[in-house]
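Structure first, commentary second.
Protein chains: 2
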Amino acid sequence: MRNILSAAAVIIAMTTQPVVAGERAVILIIGDGFDDTHVTMGRNYLKGQAGQLLLDQMPFRGAVQVETVDSEGTAIYVADSANTATTLATGAVTQIGRIGKNAADQPVKTVLESAAAAGYKTGIVSTASVTDASPAAFAAHVTIRACENPVTIRGGEKYGVTFDGCPEDLKENGGMGSISEQLAVANVDVILGGGMEHFIAQYESDPTALALAQQQGVTILTERVALDQQHSGRVIGLFSEDTMPVAWRGANGRIAESIERSWLNHIHEMIGSITQPEIIECEANPSFAEMPSMEMMTRYALDHLSRDNDKGFFLTIESASIDKKSHERDACGSIGEIKQLEEALAAAMEYASDNPNTLIMVTADHSQAAQIVPDPTLYTSLPIPVFSPGKVARIATPEGSVMRINYATNNISSEEHTGANVPLFANSEGESVLSPFMRQRDIYDAMMRYLEL
Amino acid sequence: MRNILSAAAVIIAMTTQPVVAGERAVILIIGDGFDDTHVTMGRNYLKGQAGQLLLDQMPFRGAVQVETVDSEGTAIYVADSANTATTLATGAVTQIGRIGKNAADQPVKTVLESAAAAGYKTGIVSTASVTDASPAAFAAHVTIRACENPVTIRGGEKYGVTFDGCPEDLKENGGMGSISEQLAVANVDVILGGGMEHFIAQYESDPTALALAQQQGVTILTERVALDQQHSGRVIGLFSEDTMPVAWRGANGRIAESIERSWLNHIHEMIGSITQPEIIECEANPSFAEMPSMEMMTRYALDHLSRDNDKGFFLTIESASIDKKSHERDACGSIGEIKQLEEALAAAMEYASDNPNTLIMVTADHSQAAQIVPDPTLYTSLPIPVFSPGKVARIATPEGSVMRINYATNNISSEEHTGANVPLFANSEGESVLSPFMRQRDIYDAMMRYLEL
């Protein structure tokens with residue numbers, strides 16, 4: 001791994017050009033579900049309670065209000081990744097599930113599309129499937145986020161639940177097709193992430209998204225080692241079937257668990273005794289071994305977009321599994337993904353230090369279910385058992401303490417999103433276009449202004 | 001109420017002086033438990049999802065890492081209000097429960113004490129008892145926060161739990177006495193809030209804290225109307241027995257409730273049906289009627305501290321019941337308290353607009369249990385009942401929507417604190433001494449630097 005990264009670094013050192021007048025770039029890093037709780041979880045684990053993340057050293061920090069509406073335009077206080085990525089990408093406040101479409105269900109031009117039309121190069125990187133909500137919203141337009149491929153766009157059933165599909169987006173109805181079909185032909189110079197299953201999904205004898213991309217001369221990458229080389233023209237890298245495996249996991253695959261309650265405590269929760277779950281050690285996730293890291297994808301994309309380019313570029317990078325692992329109550333998974341985000345940010349900062357007109361922003365799309373709670377409870381002196389009604393993960397931290405994470409927004413296997421405003425970090429280029437408090441749609445405006453669009 | 005406030009405003013207009021060279025003031029507003037979730041709850045309710053609080057319009061915004069240690073110095077990831085107020089007041093990172101004492105249990109000089117020694121006037125305002133953790137930590141020093149008065153300092157029992165008291169702080173053991181006894185004689189020009197019961201608590205024939213204060217010539221105020229007048233010398237205002245009643249409550253006193261589960265759902269939570277609690281309307285709390293508002297106390301304190309004073313002052317103002325009502329799962333109570341904080345901030349900003357060398361900061365001591373969760377769940381399409389394992393309050397917002405607040409950190413009648421980093425807001429004076437990311441102890445350093453101490 002070390003050798004591969006060094007090789008990539010050498011290529012970048014050889015190929016990035018000094019900035020020329022007029023050249024501008026925007027790098028927007030979206031930590032999915034990366035709210036202040038997850039930022040703090042990452043800080044406590046990766047740097048210690050008194051330490052600082054690379055994020056914490058950025059000169060600009062603000063807060064962003066997330067907006068969502070229903071079909072009547074009424075405020076909805078908790079978002080999903082589709083409507084929020086759409087707001088970041090287009091400035092439109094929209095309904096849950098929409099990808100690149102406004103509340104009235106009309107396609108809206110994205111910052112990436114405007115940048116491409118103006119001659120900027122463009123790129124999308126994600127640790128999810130590239131057809132997932134956050135990456136898709138920058139270059140595709142469908143009514144429901146599940147319309148990821150030519151089969152699912154027709155609706156169907158997933159986890160025993162029927163979903164409608166997107167009839168108005170079907171090509172035969174004059175639409176632009178599913179997300180993978182749209183990405184295959186979109187004017188995007190580089191797309192890297194997971195999601196091969198959505199590019200090979202086939203409806204009857206229609207061409208797959210992969211075939212559509214190949215017809216356009218797009219170079220398709222599927223192996224990590226391919227990122228050590230340079231390629232010309234459009235590139236799509238698909239390194240896993242769907243979401244990419246994450247870097248870390250709890251030892252023995254452990255995630256948050258329920259408290260164990262004694263027989264008496266089941267009779268009445270004020271009596272008997274309870275046993276907290278054992279402490280979890282975070283460890284490397286073996287399934288991650290064959291994956292390119294977020295940093296590696298970022299370095300490749302930066303090289304690809306900056307090579308022979310005196311106009312500049314727009315690049316969006318999603319760290320998807322902070323959210324996905326928080327849904328699953330897997331705190332180690334979320335923390336390992338935050339580590340990946342930090343490493344990708346370091347690569348972006350390194351690029352910006354050589355290329356001053358580069359605006360780097362890091363934000364979240366919405367907040368998430370995890371809470372850091374006391375270990376033990378604040379109420380140890382009470383003579384009754386005190387415990388979370390949800391599930392808890394007690395994470396051993398490298399500084400020798402225990403960080404207890406509570407997941408208690410619902411009773412099913414996937415937690416809810418939450419509605420707190422989210423953080424925004426930027427390098428000093430942000431100071432001219434950002435404010436301490438913004439709405440998510442204002443970030444779209446800021447990017448457009450920075451790119452003079 | 002309107003007339004009283006107008007009268008107060010007139011007095012201030014007559015008495016505040018134009019700034020003179022060297023005059024400096026710090027106003028530190030602590031929203032207890034006022035994390036990004038509570039800020040967002042306040043914004044959504046008071047200004048609407050697309051609106052802005054007065055806080056949101058402040059030119060500086062950052063994040064603050066909360067630090068706590070145990071007796072060995074090991075990191076503890078969730079704080080209480082005693083150790084965090086102590087860190088803000090003294091720069092010392094300390095143990096849970098400590099008031100103005102470091103981790104080794106030694107008294108540490110506070111910013112208020114340093115300011116007073118240098119000739120600044122000083123003040124403390126709180127909507128809690130003035131002997132509660134956040135106000136006390138600026139002018140008192142005891143080992144355990146419960147040592148609020150001459151009786152409790154000897155230990156005892158509260159809610160069926162025995163507590164130790166603070167033997168080393170007893171006057172007969174060479175200590176400084178309980179919190180109320182220390183405040184009674186402390187060099188603080190104005191102290192306003194609740195807490196009369198701690199000033200009249202008497203141990204054997206010892207003088208009460210109230211008697212100690214009166215011996216020193218302190219003017220004691222007990223009625224709201226007294227704040228319409230000016231007083232000379234030291235003033236202590238005690239307007240309620242303990243914590244002051246809050247401005248708002250849920251109609252019919254309703255707070256968050258459990259989901260109602262059908263008979264079948266009790267057999268297995270994947271079957272049967274559930275009923276969410278009815279929507280709650282927030283309303284004025286009748287018991288607040290006789291209380292001075294936080295704004296009124298703030299205006300009085302600003303007048304008292306700035307009158308005939310060419311040195312400047314240090315004033316700390318605590319909005320205590322954001323936290324206290326969040327512990328009780330009373331979302332309307334927290335929101336009404338946030339409204340009070342905004343009104344007090346407006347009074348402070350008005351003062352600063354006439355007195356430019358005034359640093360105003362608003363921060364929180366620690367984060368709190370409330371979460372904004374989807375209403376309904378994100379998983380409506382699942383054919384099973386989905387519900388919070390904790391308690392939920394569904395708050396009707398003035399913009400015609402429903403904000404659902406989840407409280408699910410434990411099974412007892414008082415929620416846990418949480419461990420996310422907290423926000424920091426400041427006026428433009430903050431730009432010279434604050435950074436986008438700080439530790440709580442850095443805020444102490446910034447105040448000392450601003451006051452040239």
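Sequence order for the protein chains is A and B. In terms of the numbering used here, the first sequence is residues 1 to 453. In terms of the numbering used here, the second sequence is residues 1 to 453. Virtual Cβ for every residue (Gly too), placed ideally from N, Cα, C.
Could you tell me the distance, in whole angstroms, from the CA atom of residue i to the CA atom of residue j?
i, j, result
"B:Val142", "B:Gly177", "8 Å"
"A:Val130", "A:Gly155", "20 Å"
"B:Arg441", "A:Gly217", "58 Å"
"B:Val19", "B:Ile200", "For B:Val19, the predicted model reports a pLDDT of 42, less than 50, meaning its position is unreliable; a value from the coordinates is still stated below. Near 40 Å, if we compare the C-alpha coordinates of B:Ile200 and B:Val19."
"B:Pro277", "A:Met291", "46 Å"
"A:Glu67", "A:Ile27", "22 Å"
"A:Gly174", "B:Met41", "43 Å"
"B:Ile236", "B:Ala89", "20 Å"
"B:Met438", "B:Gly195", "32 Å"
"A:Met542", "A:Ala348", "Past the boundaries of the shown model lies residue 542 of chain A; chain A is included only from 1 to 453, so the question cannot be answered."
"B:Gly233", "B:Asp189", "7 Å"
"B:Phe387", "B:Glu260", "10 Å"
"A:Ser293", "A:Met244", "10 Å"
"B:Glu452", "B:Ser114", "10 Å"
"B:Val402", "A:Ile76", "8 Å"
"A:Leu53", "B:Thr74", "20 Å"
Just tell me which of the options has its CA closest to the CA of residue i.
i, options, result
"B:Asp303", "B:Gln230, B:Gly51 and B:Gly100", "B:Gln230"
"A:Val246", "A:Gln49, A:Lys324, A:Leu210 and A:Ile153", "A:Lys324"
"B:Gly91", "B:Ala75, B:Ser71 and B:Phe138", "B:Phe138"
"B:Pro374", "B:Arg404, B:Phe313 and B:Pro385", "B:Arg404"
"B:Ile124", "B:Lys158, B:Ala85, B:Cys147 and B:Thr152", "B:Ala85"
"B:Ala289", "B:Asp228, B:Ala301, B:Glu223 and B:Ala344", "B:Glu223"
"B:Glu72", "B:Ala63, B:Val93 and B:Ala370", "B:Val93"
Along the chain, where does the alpha helix (DSSP H) that runs through residue i open and close?
i, result
"B:Pro423", "Not the alpha helix (DSSP H): B:Pro423 falls in the beta strand (DSSP E), residues Val422 to Ala426."
"A:Glu342", "Ala331 to Asp354"
"A:Ala364", "That residue, A:Ala364, is in no alpha helix (DSSP H); its beta strand (DSSP E) goes Thr358 to Ala364."
"A:Val185", "Ile179 to Val185"
"B:Thr377", "Where B:Thr377 is concerned, there is no enclosing alpha helix (DSSP H), given that its DSSP letter is neither H nor E."
Closer than 9 Å, CB to CB, is residue i near chain A or not?
i, result
"B:Leu5", "In this prediction, B:Leu5 has a pLDDT of 39, which is less than 50 and means its spatial position is unreliable; what the coordinates show is noted afterwards. Judged by the 9 Å Cβ criterion, B:Leu5 is not in contact with chain A."
"B:Val108", "no"
"B:Asp56", "yes"
"B:Ser363", "According to the sequence shown, residue 363 of chain B is Thr rather than Ser. No, its Cβ sits nowhere closer than 9 Å to a Cβ of chain A."
"B:Gly419", "yes"
"B:Met403", "yes"
"B:Gly257", "According to the sequence provided, residue 257 of chain B is Glu. The question's Gly does not apply to it. So, not an interface residue."
"B:Tyr120", "no"
What residue range does the beta strand (DSSP E) around residue i cover?
i, result
"A:Val225", "Careful: A:Val225 lies outside any beta strand (DSSP E) and carries neither H nor E."
"A:Gly237", "Val235 to Leu238"
"A:Asn406", "Val402 to Tyr407"
"A:Ala139", "Unbroken run through A:Ala139: none, as it is neither H nor E."
"B:Glu318", "Gly312 to Ser319"
"B:Phe437", "Phe437 to Arg439"
Consider the Cβ of residue i: report whether some Cβ of chain B lies at a distance smaller than 9 Å.
i, result
"A:Gln49", "yes"
"A:Arg61", "yes"
"A:Pro277", "no"
"A:Ile153", "no"
"A:Gln371", "yes"
"A:Ile443", "no"
"A:Ser205", "no"
"A:Ser71", "no"
Apart from the five residues just before and just after residue i, which ones in its own chain have a Cβ nearer than 7 Å to its Cβ?
i, result
"A:Ser126", "Asp132, Ser134, Pro135, Gly193, Glu318 and Ala320"
"B:Gly51", "Arg43"
"A:Pro385", "Asn265, Glu269, Gly272, Ser273 and Ile274"
"B:Arg329", "Ile255, Ala256, Lys391, Ala393, Tyr407 and Glu415"
"B:Cys332", "Trp248, Arg249, Gly250, Ile280, Cys282 and Ile395"
So, at 6 Å on beta carbons, what are the nonlocal neighbours of residue i in its own chain, with the 5 sequence-adjacent residues on each side left out?
i, result
"A:Gly312", "Glu23, Arg24, Ala25 and Tyr120"
"A:Leu210", "Phe199 and Ile200"
Excluding five sequence neighbours on each side, which residues of the same chain lie with their C-beta closer than 8 Å to the C-beta of residue i?
i, result
"A:Ser428", "Pro59 and Phe60"
"B:Gly100", "Thr86, Ala89, Thr90, Pro107, Val108, Thr110, Ala136, Ala137, Phe138, Ala139, Ala140, His141 and Val142"
"B:Ser432", "Tyr450"
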